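What follows is a single structure, written as structure tokens, with notes after it.
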Amino acid sequence: MAKGNIARKLQKPALIGTMLICYLFLYLPILHIGLGSVSKNYSFPYPPQLTWATFEKLAENTLYQTALGNSLLIGVLTALLSTLLACLATMGLLRHAGRHTVKFLILFIAPLFVAEVLLGLSSLIFNGLFLQLGGNLFSAILANTVHCFSYALLIIATQLYRYDWRLDDAAMVFGATPLRTFFEVTLPLIWPGLFGAFIVCFIMAFNNLEISFYLLGATPTLPSVAWGALRYGIKPELYALASGVNVVVFLVLGVMFVLMRTGAVRFGHKPERERSAI
Amino acid sequence: MIGGLRISRDPRAWIFLGVPSVFLVLLFVLPLVSMIVLSFWRTENYHIIQDWNVDNYYVIATAGAYVTFLIRSLVMAVIVSALCVAIAWPVAYGVIVYGGRYKLLLSLGFAIPFLTGEVLRVIALQGLLGPLGLFNGVLMALGAAPLRFIMYTNFASAIGLVYLYLPIVVTVIYLSLLNFDMRLIDAARIFGAGPFRGFIEVTWPLNLFGTLIGFALCFVPCLSATLVPRFLGGPSGTLYGMALAQQFGESGTWALGAAMGVVLFLLSIAGVLLVFRFVDLRRSGFTGFGRS
Amino acid sequence: MYISLQGISKQYASVWAIDRVNMAIAKQEFVSLLGPSGSGKTTLLRVIAGLEKPTEGRVLIDGQDVTELPPHKRGVAMVFQEFLLFPHRTVRENLAFPLRMMKMPKAEMDERIDWALGILSLQGLDGRYPNQLSGGQQQRVALGRGLVGRPKVLLLDEPLANLDRELRQEMEVEIRRYQMKLGIPFIYVTHNQEEALSMSDRIAVVNKGHVEDFAERTTLYDKPKTAFIAQFVGRSNKFEGKVTAADGGSCTIDAGGLSLTASGNGGLKPGDAAFAFVKNEKVALAPEGFVGEDNSLPCTVRDVILRGAYAEYLLETSDGLGLVASRPRSGEGPSIGHAVVAHWASGDVDLYPVKPDLGLRR
Chain A
2 MAKGNIARKL QKPALIGTML ICYLFLYLPI LHIGLGSVSK NYSFPYPPQL TWATFEKLAE
62 NTLYQTALGN SLLIGVLTAL LSTLLACLAT MGLLRHAGRH TVKFLILFIA PLFVAEVLLG
122 LSSLIFNGLF LQLGGNLFSA ILANTVHCFS YALLIIATQL YRYDWRLDDA AMVFGATPLR
182 TFFEVTLPLI WPGLFGAFIV CFIMAFNNLE ISFYLLGATP TLPSVAWGAL RYGIKPELYA
242 LASGVNVVVF LVLGVMFVLM RTGAVRFGHK PERERSAI
Chain B
3 MIGGLRISRD PRAWIFLGVP SVFLVLLFVL PLVSMIVLSF WRTENYHIIQ DWNVDNYYVI
63 ATAGAYVTFL IRSLVMAVIV SALCVAIAWP VAYGVIVYGG RYKLLLSLGF AIPFLTGEVL
123 RVIALQGLLG PLGLFNGVLM ALGAAPLRFI MYTNFASAIG LVYLYLPIVV TVIYLSLLNF
183 DMRLIDAARI FGAGPFRGFI EVTWPLNLFG TLIGFALCFV PCLSATLVPR FLGGPSGTLY
243 GMALAQQFGE SGTWALGAAM GVVLFLLSIA GVLLVFRFVD LRRSGFTGFG RS
Chain C
9 MYISLQGISK QYASVWAIDR VNMAIAKQEF VSLLGPSGSG KTTLLRVIAG LEKPTEGRVL
69 IDGQDVTELP PHKRGVAMVF QEFLLFPHRT VRENLAFPLR MMKMPKAEMD ERIDWALGIL
129 SLQGLDGRYP NQLSGGQQQR VALGRGLVGR PKVLLLDEPL ANLDRELRQE MEVEIRRYQM
189 KLGIPFIYVT HNQEEALSMS DRIAVVNKGH VEDFAERTTL YDKPKTAFIA QFVGRSNKFE
249 GKVTAADGGS CTIDAGGLSL TASGNGGLKP GDAAFAFVKN EKVALAPEGF VGEDNSLPCT
309 VRDVILRGAY AEYLLETSDG LGLVASRPRS GEGPSIGHAV VAHWASGDVD LYPVKPDLGL
369 RR
């Protein structure tokens, strides 16, 4: 039994140690370049010589401005479209697919298992060769939607899975039309899932390179501009750009965290006390 | 609920399931089909010529470089995915067991790096591993020689890929464990299983499905990685995905690229199917997609 | 009739969950659909509500054919087993829901809600959310939501199944009271015979998708029409055997060596296989050596189960045949191990022919 005791005693420090090392591994580079982006000695900012010069330079660069605009457009439209489609698809899967559920599920999550670069390239071939369409923002948005749709589906499904559809029955029995039922009962109860899916899709599409790259033609986006610059080596602007995006992502997820923490929103996250009910 | 046949009768089913299906067929299935079609044509001086042949596949199979890249990619993808799963398990388990009220914060902590996009994270990795990066900066500040093996090698690529895909694997396994009823472990303990035995008999099989999804979601993008080998892999680190992307860029040999894409696609599918052959869904606690 | 179901059938895949059901319900009536789980009673209720569309047959409410109408155009209301209160709405908002759907003016709406809060003693709770209420309070809100819109019919789907026993008996009385007060039909689905017997005017016993009998509750209890009802309603001793003699007035059955006499022959001929049921409370006990009446059987008391006002005696004959007698607890009954004689009148034996079980229609 002595062996078991040692294993038990070691379990906690070992697990927590692994966790800490992983967080360090993930965040060390992010913190490092974050510090680098606000330092004159950007490549080894220890001790840092603080300056905002890099960010100012970045903000004045018109190429980055255009790219930011395009990336925002791709992000917002992709997120809207994929959330809408994924919401339809999830409700269809849970309510209407019946014995065909598995077939539809496979179709809907298949894009997860096809590499992004293949999604981009095959859309390029289809558009360019078979439809004779040149690359533009619109085709990039559609291709990104394919990819984000599957993620949105999974996020919305975790929320809808626990939604009791008999609440819809209850609303209809008391005189609500199907549309009214959706807006009065279903939507208020599932919007956190939709909102979470929208945020995640937005961030993913905003930052995407491999899908968008082949479909954009000459249109710059932030990742493609960064990629272009990276080919000529690391520059302080790239650190600033990456750090800027990191800060925004942090803020967005921070807001989501506060909403979840205060219980205003759940995003399909199952709190501890509910689990005993299963 | 019994309702298997409703799909054909209820017009709403066609909107809910039909619209997304049509969307995916038009923008996902058809492009993949067109890639397959193109792979049987050929490119000459940047022009596509529609004459049906299998030369592209012949080139891939015989020109040694592509086979080398492919094998290197496969080995890389398997190693990185296995490594990610091996690291992700204790981390996800630790978050669940010891996370307490910070569980949510800790799990979101893994989602953030995943969401910041590949390019920006490759930039961050350059900051860590590159010649002017943190590691070598520290070593040089201490007066030591810079480490060669973390710059522009396959090892650096592997670290880069683990860095990119560890978050998604942790998140997937975490979600699987979150839905797993920990009281089952107590039940196993009561009936005489030790901690290790309990893990093998109960925890692992019931989370196998989630683990394999995590593995697949790491394996597929690793197999086709283009950015990491390009910026971290160095001259001997060319991977298949990178060579594939080149056919559509500098070389302009689209047809060959399409054939390489088809090979990659088939390999990913084969890999995923192989992995999932090990799972008996009924024994993995998977309850299906309907309400039980 | 106020509500009429004409030849309702509902097919799922290849199985008929409801099979050619005909019922007519009057305006002031409290009707229960009683049956085991899976018998189709809830499906029948959902067909009336419009949540399921029947494969065949018509549903008429107040003279109007509503078969093709969706639920929100039927003017019905429902109380669900799981309550299904809207979790994002307060008690008041939940009660307001049906009224808002009718576009009722605000003042009238408030009046109605206050009325519902009043009769259900929910005053003071109207600002709470459903998850801040106890099970009994949630049940009252669910009931209030059903009553507040004065529906043409109130459908209740096992509304008391999730409550504890004490609360359940209290609610039974209340529900019956509201029904008499409002004068609208209640259709009440339950698998609990006590609930059905205590509240209903008439009970429809549902089994395997069809209605076995639809009758006054006393008729159903005292003169069960089929073997299924005899077994499902009340507590009975069941015997299976062959008819040895039958004439116009009586009938003798041999059930594994035991000879039973019944008055009336239930259309049976000598040689037919038959079921005989004797309600537990019709079995009387007498001291050892007692002879008399039509059926008497020497037994030993194996166990005594206290049910409050009465006791159940688990008896066993020398052949190992078990039977149950329930007697009021007046004075000292026989105790465990005592030899007694169980006896009952031939008029208390209900006889049915043994029919092959066809199951659900396919």
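Chains as they are written, first to last, in my numbering: chain A, 2 to 279; chain B, 3 to 294; chain C, 9 to 370.
Glycine included, every Cβ here is placed at the ideal spot set by N, Cα and C.
As the structure is a prediction and not an experimental result, all values here were calculated from the model.
Residue i: contacting residues in chain C (beta-carbon distance under 7 Å)
i: A:Leu168; result: Leu92 and Phe94
Chain-ordered neighbours of residue i on chain B, where CB pairs are closer than 8 Å
i: A:Met173; result: What A:Met173 touches in chain B: nothing, since even the nearest Cβ is about 13 Å away.
Interface residues of chain A facing residue i [CB-CB closer than 9 Å]
i: C:Ala57; result: Asp170, Met173 and Val174
i: B:Gln248; result: Neighbours of B:Gln248 on chain A: none; closest Cβ ~12 Å, over 9 Å.
Residue from the options whose Cα sits closest to the Cα of residue i
i: C:Arg335; options: C:Pro364, C:Thr325 and C:Ala294; result: C:Ala294
i: C:Ala1; options: C:Arg369, C:Ile192, C:Val99 and C:Leu13; result: Only positions 9 to 370 of chain C appear in the structure, and residue 1 of chain C is not among them; the question remains open.
i: B:Val77; options: B:Arg44, B:Phe221 and B:Leu177; result: B:Phe221
i: A:Gly37; options: A:Phe214, A:Ile22, A:Trp53 and A:Cys88; result: A:Trp53
i: C:Cys307; options: C:Asp327, C:Tyr186 and C:Gly316; result: C:Asp327
Residue-chain proximity (residue i, chain A), Cβ-Cβ < 8 Å
i: C:Arg136; result: no
i: C:Phe194; result: no
i: B:Arg191; result: no
i: C:Ala85; result: yes
i: C:Arg153; result: yes
i: C:Gly157; result: yes
i: C:Phe240; result: no
i: B:Pro22; result: yes
i: C:His80; result: yes
i: C:Tyr20; result: no
i: C:Pro106; result: yes
i: B:Glu120; result: yes
Inter-residue spacing [alpha-carbon to alpha-carbon] between residue i and residue j
i: A:Met261; j: A:Phe251; result: 15 Å
i: A:Ile142; j: A:Gly76; result: 8 Å
i: C:Leu41; j: C:Glu224; result: 12 Å
i: B:Met184; j: A:Leu113; result: 29 Å
i: B:Gly6; j: B:Ile170; result: At B:Gly6, the pLDDT of 40 sits below 50, so the modelled position is not reliable and the matter cannot be decided from this model.
i: B:Val2; j: B:Phe198; result: Shown here, chain B extends from 3 to 294; a query on residue 2 of chain B therefore has no answer.
i: C:Pro62; j: B:Leu219; result: 45 Å
i: A:Glu238; j: A:Gly93; result: 46 Å
i: C:His199; j: C:Ser17; result: 21 Å
i: B:Ala189; j: B:Gly212; result: 22 Å
i: A:Leu180; j: A:Leu130; result: 42 Å
i: A:Lys13; j: B:Val80; result: 29 Å
i: B:Leu141; j: B:Leu127; result: 17 Å
i: B:Val174; j: C:Arg136; result: 37 Å
i: C:Leu141; j: C:Thr98; result: 10 Å
Contact with chain C by residue i, beta-carbon distance below 8 Å
i: A:Leu190; result: yes
i: A:Val186; result: yes
i: A:Thr178; result: yes
Residue j beta carbon less than 8 Å from that of residue i
i: B:Leu110; j: B:Val97; result: no
i: C:Ala282; j: C:Tyr360; result: yes
i: B:Ser178; j: B:Asn138; result: no
i: B:Ala84; j: B:Tyr176; result: no
i: C:His218; j: C:Arg28; result: yes
i: B:Ala257; j: B:Ile50; result: yes
i: C:Glu180; j: C:Glu166; result: no
i: C:Ile183; j: C:Ile56; result: no
i: C:Leu13; j: C:Met31; result: yes
Within-8 Å CB hit, residue i to chain B
i: A:Gly194; result: no
i: A:Tyr152; result: no
i: A:Ser44; result: yes
i: A:Ser213; result: no
Neighbour flag for residue i against chain D, beta carbons, 8 Å
i: B:Ala90; result: Judged by its chain identifiers, the structure shown contains no chain D, and its protein chains are A, B and C.
Per-residue contacts from residue i into chain B (C-beta, under 9 Å)
i: A:Leu252; result: Under the 9 Å cutoff, chain B gives no residues; its nearest Cβ is about 11 Å from A:Leu252.
Amino acids of chain A, ordered along the chain, whose beta-carbon sits closer than 7 Å to that of residue i
i: C:Met110; result: Gly176
i: C:Phe88; result: Arg167 and Ala171
Interface residues of chain A facing residue i [CB-CB closer than 8 Å]
i: B:Trp256; result: Ile126 and Leu130
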